[in-house]
Amino acid sequence: MAVHTDLKPVALIWMLPAILLSFMPAAGSAALCTTRDFSAAEQRVTEAYVAYYGRPADAAGLAYWADRLGADGGDLASIIDAFGVSAEFDDRFGRLDHTQLVTNLYQQLFGRDPDPAGLAFYTGELVAGRMGLQTIALNILDGTQGDDVPVRDHRLQVANYVVSCLEQGHVVYPPIDTAVAIMADVDAESSSVERAIAAVDALAPPTSARLQPEDLVYQGAFRLPDSFDWGARGMSYTPAGDSGSGSLLVTAFQGLVNATGEPCWEGMTGCEARFGEVAIPAPERGASASTWETLPVASLLFGPTAFDGGLVGRADDEHYVFVAGIEQIAVPGLSDRMLYGSLNQWYPEGVFGDASFPTLWRSDENGANAEGLFHVGPSADPIYNGRKMGEYLFAVPQWYADAALGGRRLITGRARGTPLQADPAANPAAGGSQGPTLFAFPAEASAPAGAELDALPLLYYRARYPDCAGPDIGLGGQVVSCDFPGYSMSDDWTGAGFVGDGSRHAILILGLKASTNCYYCDPTEPDPECPVSPAPEECRRWCNESRGYHGGPYRRQVLFYDIDELAAVAAGSREPWSVLPYATWEPNELLLQPVDGNVCAGAGGVAFDTDGQRLFLVERGLGGYDNINAAVVHVWRIP
Numbered sequence: 001m002a003v004h005t006d007l008k009p010v011a012l013i014w015m016l017p018a019i020l021l022s023f024m025p026a027a028g029s030a031a032l033c034t035t036r037d038f039s040a041a042e043q044r045v046t047e048a049y050v051a052y053y054g055r056p057a058d059a060a061g062l063a064y065w066a067d068r069l070g071a072d073g074g075d076l077a078s079i080i081d082a083f084g085v086s087a088e089f090d091d092r093f094g095r096l097d098h099t100q101l102v103t104n105l106y107q108q109l110f111g112r113d114p115d116p117a118g119l120a121f122y123t124g125e126l127v128a129g130r131m132g133l134q135t136i137a138l139n140i141l142d143g144t145q146g147d148d149v150p151v152r153d154h155r156l157q158v159a160n161y162v163v164s165c166l167e168q169g170h171v172v173y174p175p176i177d178t179a180v181a182i183m184a185d186v187d188a189e190s191s192s193v194e195r196a197i198a199a200v201d202a203l204a205p206p207t208s209a210r211l212q213p214e215d216l217v218y219q220g221a222f223r224l225p226d227s228f229d230w231g232a233r234g235m236s237y238t239p240a241g242d243s244g245s246g247s248l249l250v251t252a253f254q255g256l257v258n259a260t261g262e263p264c265w266e267g268m269t270g271c272e273a274r275f276g277e278v279a280i281p282a283p284e285r286g287a288s289a290s291t292w293e294t295l296p297v298a299s300l301l302f303g304p305t306a307f308d309g310g311l312v313g314r315a316d317d318e319h320y321v322f323v324a325g326i327e328q329i330a331v332p333g334l335s336d337r338m339l340y341g342s343l344n345q346w347y348p349e350g351v352f353g354d355a356s357f358p359t360l361w362r363s364d365e366n367g368a369n370a371e372g373l374f375h376v377g378p379s380a381d382p383i384y385n386g387r388k389m390g391e392y393l394f395a396v397p398q399w400y401a402d403a404a405l406g407g408r409r410l411i412t413g414r415a416r417g418t419p420l421q422a423d424p425a426a427n428p429a430a431g432g433s434q435g436p437t438l439f440a441f442p443a444e445a446s447a448p449a450g451a452e453l454d455a456l457p458l459l460y461y462r463a464r465y466p467d468c469a470g471p472d473i474g475l476g477g478q479v480v481s482c483d484f485p486g487y488s489m490s491d492d493w494t495g496a497g498f499v500g501d502g503s504r505h506a507i508l509i510l511g512l513k514a515s516t517n518c519y520y521c522d523p524t525e526p527d528p529e530c531p532v533s534p535a536p537e538e539c540r541r542w543c544n545e546s547r548g549y550h551g552g553p554y555r556r557q558v559l560f561y562d563i564d565e566l567a568a569v570a571a572g573s574r575e576p577w578s579v580l581p582y583a584t585w586e587p588n589e590l591l592l593q594p595v596d597g598n599v600c601a602g603a604g605g606v607a608f609d610t611d612g613q614r615l616f617l618v619e620r621g622l623g624g625y626d627n628i629n630a631a632v633v634h635v636w637r638i639p
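Be aware that the sequence shown starts at 1, since it is given in full-length UniProt numbering, and climbs by one per residue.
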């Protein structure tokens, strides 16, 4: 046996057979994925994963360590110690003695026990502290010879195939035990590679057909009670409501109110966020439902009542918030369901500057015993800035959460396109998002006030400022550079939900889409802060808008997102900003249709009844978007 007692120069150990860099399936077979070429650094990191952990690399881990290796000049010795320190190692190997640890390395690489001389040498080096286990793993790998060569080559071949599948979005990384078992079954026979490839392909989640706008059949509409005027930004369907008939939980007035129901202004105390529960009447359509006043009105079952315990008002005494999202969900470990709420901090730059802020709370089903506020993700990481959270809130089915989101069932998001002011170009993924976002997080039995929830980004778009949506960018046909095509700072996405019938699925996002990106300018009302002179004609205000950004003409739209593409982001094989809507729908059943291509009334919440296959969308602005601002719920069904 050749015993290697030092790390070989990297240049000498990258000479692996070409079979490691590309896999051609056997005649008559068809692999799900195509193995890409791997750089020398990537290949070296893959070797380290197989030798030390006995499994393929995950896509994110491979990218991270390959970058580290490149930054250190290709010297794996400089990073190998850090590579080997992990919770995974402690969990899987922490109770093994020195002999078992060395034996395990041989099993992971070659599927056999070590010969006595090799075992004695490496165990002695490990006990004496002259070599770490990480270094021993690579020395064993680099000393491969004889019958062990095809086993090593085949295992590295399969590892490359796994990473390629992850990057191409065809599979999600399996449980560690599954990944290890797939590798352990690979031996010197080429048929073992075919078995492993088939096992990897079997990890692909069942692809879901895309739900299309034409799959939705309109049922009609009904009005919400007057207590939801200037509200209904959030909505959740509860199947147990109304004595088992199903009901809707709806946010009330969009701002905070005091004990008498009056809107709270800056400096007021005793302010609270409210919700109510309504029964679902038979929706009407046609001539009898041609105006909002003639629609049936949902009966109020409960509330409106507070469900934040005053937490939101105490967190920001300026009260620059909208009560935006609501979702009722069963929580593991609790017998009763819980109610989650979310807030839209509508001027975060003025209140918090570049700092992040919490956007979530929860309570009992009836709104009592509120807990929070919670931050979605680590507050110190600018990717999870509160500007990306809180406008909408919904749950996904358990099967999708388990398959794609690590069990996380709740999702929140928002579109606020402002970058961090300190250095907008330094990290365009920090701060806000120039397009709608989706962040998944778990519903947990307990969480202390101020907790940072274990969040997973599924969708956001970089704040490419000012190249995308800077002041008056895009006017006069100017070319813009946006991840989300046609983004405007005046886009207002207000509701979202997971919709599907078991075979066709989508995540839908509802809102008001702007078409221009004007800043202060209006040719009919000169403003000294308009940076363009003369003010472009396309910047006239279409609605009763305040100063600052305006983006008319506006249209209500529903965006359809592919759940498999979002799952690929969760798996680390796609960037969050690479996913775009596959369909855009402008429902022509809404009562307030565009005039001259514009509608000033907005939209509200989204809810879905899984059992009845009913989709509920809120249209706001009836009776005048700046007057009564009543809310109508439209209903579609998946037949």
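The beta-carbon is built from N, C-alpha and C at its ideal position, and this holds for glycine as well.
Legend entry - Environment of Ala27 [buried if 16+ CB atoms lie within 10 Å]: Position 27 of the sequence shown holds residue 27. For Ala27, the predicted structure reports a pLDDT of 36, less than 50, and the residue's modelled location is therefore unreliable. The matter cannot be settled from this model.
Legend entry - Reduced DSSP secondary structure (H/G/I, E/B, other) of Val180: Stepping through the sequence shown from its first residue, residue 180 is reached at position 180. Three-state DSSP puts Val180 in a helix.
Legend entry - Among Glu525, Met235, Asn544 and Pro114, the one whose alpha carbon lies nearest that of Asp535: By 1-based counting over the sequence shown, the position of residue 535 is 535. It is Ala, not Asp, that sits at residue 535 in the sequence shown. Checked all of Glu525, Met235, Asn544 and Pro114; the closest Cα to Ala535 is Glu525.
Inset, instruction - Mind checking who Glu284 pairs with in its DSSP beta bridge? - result: The residue you call residue 284 lines up with position 284 of the sequence shown. Paired residues: Ala221.
Inset, instruction - Evaluate the contact criterion for the stretch 593 to 609 versus the stretch 490 to 501: three or more CB pairs, one atom per stretch, below 8 angstroms. - result: yes
Inset, instruction - Would you tell me roughly how many angstroms separate the C-alpha atoms of Leu62 and Asp72, rounded to the nearest one? - result: As a position in the sequence shown, residue 62 is number 62, starting the count at 1. As a position in the sequence shown, residue 72 is number 72, starting the count at 1. Computed Cα separation, rounded: 15 angstroms.
Inset, instruction - Give me the Cα-Cα distance between Gly231 and Glu565, rounded to the nearest whole angstrom. - result: Taking the sequence shown and counting its residues from 1, one reaches residue 231 at position 231. Taking the sequence shown and counting its residues from 1, one reaches residue 565 at position 565. Taking the straight line from one Cα to the other gives about 33 angstroms.
Legend entry - Test item: CB-CB of Asp527 and Cys518 under 8 angstroms: Here residue 527 is taken as the residue at index 527 of the sequence shown, counted from 1. Here residue 518 is taken as the residue at index 518 of the sequence shown, counted from 1. It is not a contact, given that the beta carbons lie outside the stated cut-off.
Inset, instruction - Rank Leu373, Phe352 and Asn366 by C-alpha distance to the C-alpha of Pro358 and give the top, closest one. - result: Along the sequence shown, one-based indexing puts residue 358 at 358. Nearest of Leu373, Phe352 and Asn366 to Pro358, Cα basis: Leu373.
Inset, instruction - Please say whether Gly435 and Tyr461 have beta carbons closer to each other than 8 angstroms? - result: As a working note, residue 461 is residue 461 in the sequence shown. As a working note, residue 435 is residue 435 in the sequence shown. Their beta carbons are under 8 angstroms apart, which means Tyr461 touches Gly435 by this criterion.
Inset, instruction - Helix, strand or coil for Gln345, going by three-state DSSP, please let me know. - result: The residue labelled residue 345 in the question sits at position 345 within the sequence shown. Gln345: strand per DSSP, three-state reduction.
Legend entry - Burial state of Thr35, where buried means 16 or more other Cβ atoms lie within 10 Å: Taking the first residue of the sequence shown as 1, we reach residue 35 at position 35. Buried is the call here.
Inset, instruction - Kindly indicate the opening and closing residues of the beta strand (DSSP E) around Phe394. - result: Taking the first residue of the sequence shown as 1, we reach residue 394 at position 394. Note, Phe394: beta strand (DSSP E), Tyr392 to Ala395.
Inset, instruction - Reducing DSSP to helix, strand and coil, say where Gln557 ends up. - result: On the sequence shown, position 557 is the one that residue 557 refers to. Judged by DSSP in its simplified three-state form, Gln557 adopts strand.
Legend entry - Cβ shell of Ala179 (< 8 angstroms), same chain only, five flanking positions each side left out: Position 179 of the sequence shown, counting from 1, holds the residue named residue 179. If we look at Ala179 and ignore the five residues flanking it on each side, its Cβ neighbours are Arg55, Pro56, Val162 and Tyr173.
Legend entry - Which residues DSSP lists as bridging Leu249, in chain order: Against the sequence shown, residue 249 aligns to sequence position 249. Answer by DSSP bridge pairing, in chain order: Ser236 and Glu277.
Inset, instruction - Determine the contact status of Ile507 and Arg409, defining contact as a CB-CB distance below 8 angstroms. - result: Sequence index remark: in the sequence shown, residue 507 carries index 507 (1-based). Sequence index remark: in the sequence shown, residue 409 carries index 409 (1-based). For Ile507 and Arg409, no; Cβs fall outside 8 angstroms.
Legend entry - Close Cβ partners of Leu420 (< 7 angstroms) along its chain, the five nearest in sequence each way excluded: Taking the sequence shown and counting its residues from 1, the one referred to as residue 420 is at position 420. Asp354, Pro382, Ala430 and Gly431, listed in sequence order.
Inset, instruction - For Ala210, collect the residues of the same chain with a Cβ closer than 8 angstroms to its Cβ; drop the 5 residues on either side in sequence, then sort them by chain order. - result: Stepping through the sequence shown from its first residue, residue 210 is reached at position 210. First, the amino acid is wrong: residue 210 is Arg here, not Ala. Hits under 8 angstroms: Arg504, His505, Ala506, Phe560, Asp562, Tyr582 and Ala583.
Inset, instruction - Within 10 angstroms of the Cβ of Leu96, are there 16 or more other Cβ atoms? Answer buried if so, exposed if not. - result: Looking up residue 96 in the sequence shown gives position 96. Classification for Leu96: exposed.
Inset, instruction - Excluding the 5 residues preceding and the 5 following Gly502 in the sequence, name in chain order all residues of the same chain whose CB lies nearer than 8 angstroms to its CB. - result: In the sequence shown, the residue the question calls residue 502 occupies position 502. Cβ neighbours of Gly502 beyond the five flanking positions: none.
Inset, instruction - Let me know the secondary structure DSSP gives Arg314 once reduced to three states. - result: As a first step, residue 314 must be located in the sequence shown, where it is residue number 314. Helix, per DSSP.
Inset, instruction - Report yes if the CB atom of Gly552 is closer than 8 angstroms to the CB atom of Ala607, and no otherwise. - result: Looking up residue 552 in the sequence shown gives position 552. Looking up residue 607 in the sequence shown gives position 607. It is not a contact, given that the beta carbons lie outside the stated cut-off.
Legend entry - Distance between Val579 and Asp317 (C-alpha atoms, nearest Å): Here residue 317 is taken as the residue at index 317 of the sequence shown, counted from 1. Here residue 579 is taken as the residue at index 579 of the sequence shown, counted from 1. About 37 angstroms.
Legend entry - Bridge partner(s) assigned by DSSP for Trp636: Walking along the sequence shown from the start, residue 636 turns up at place 636. In the DSSP output, where bridge partners are listed per residue, Trp636 has Tyr218 and Leu615.
Inset, instruction - Identify whether Tyr52 lies in helix, strand or coil by the three-state DSSP scheme. - result: Numbered from 1 along the sequence shown, position 52 holds the residue referred to as residue 52. Tyr52: helix per DSSP, three-state reduction.
Legend entry - Counted within 10 angstroms of its Cβ, other Cβ atoms place Val200 as buried (16 or more) or exposed: As a working note, residue 200 is residue 200 in the sequence shown. Buried.
Legend entry - Where Ala77 sits in the DSSP three-state scheme: Within the sequence shown, residue 77 is the residue found at index 77, counting from 1. Of the three classes helix, strand and coil, the one that applies to Ala77 here is helix, per DSSP.
Legend entry - Closer than 7 angstroms: Trp399 CB and nearest the ligand GDP heavy atom: Absence of the ligand GDP from the depicted structure is noted, as is the absence of any ligand whatsoever, leaving it without description.
Inset, instruction - List the residues that DSSP assigns as beta-bridge partners of Trp577. - result: Position 577 of the sequence shown holds residue 577. The partner list for Trp577 (beta bridge, DSSP) is empty, contrary to what the question assumes.
Inset, instruction - Whole angstroms is fine: what's the gap from Leu615's alpha carbon to Phe222's? - result: Here the question's residue 615 lines up with position 615 in the sequence shown. Here the question's residue 222 lines up with position 222 in the sequence shown. Rounded to the nearest angstrom, the two C-alpha atoms are 13 angstroms apart.
Legend entry - Cβ shell of Ala137 (< 6 angstroms), same chain only, five flanking positions each side left out: In the sequence shown, counting from the first residue as 1, residue 137 sits at position 137. So the list reads Ala51, Tyr52 and Leu105, once near-sequence residues are dropped.
Legend entry - Candidates Gly325, Glu42, Asn366 and Asp472: closest to Leu156 by CA position: Here residue 156 is taken as the residue at index 156 of the sequence shown, counted from 1. Minimum Cα distance to Leu156 is reached at Glu42.
Legend entry - Assigned secondary structure, Thr135 (DSSP; H/G/I helix, E/B strand, else coil): In the sequence shown, residue 135 corresponds to position 135, counting from 1. Three-state DSSP puts Thr135 in a helix.
Legend entry - Glu391 versus Arg92: straight-line alpha-carbon distance, rounded: Your numbering for residue 391 matches position 391 in the sequence shown. Your numbering for residue 92 matches position 92 in the sequence shown. Each residue's Cα considered, the two are about 41 angstroms apart.
Legend entry - Cβ distance (whole Å) where Thr103 is taken to contact Asp113 below 8 angstroms: As a working note, residue 103 is residue 103 in the sequence shown. As a working note, residue 113 is residue 113 in the sequence shown. 6 angstroms between Cβ atoms; contact.
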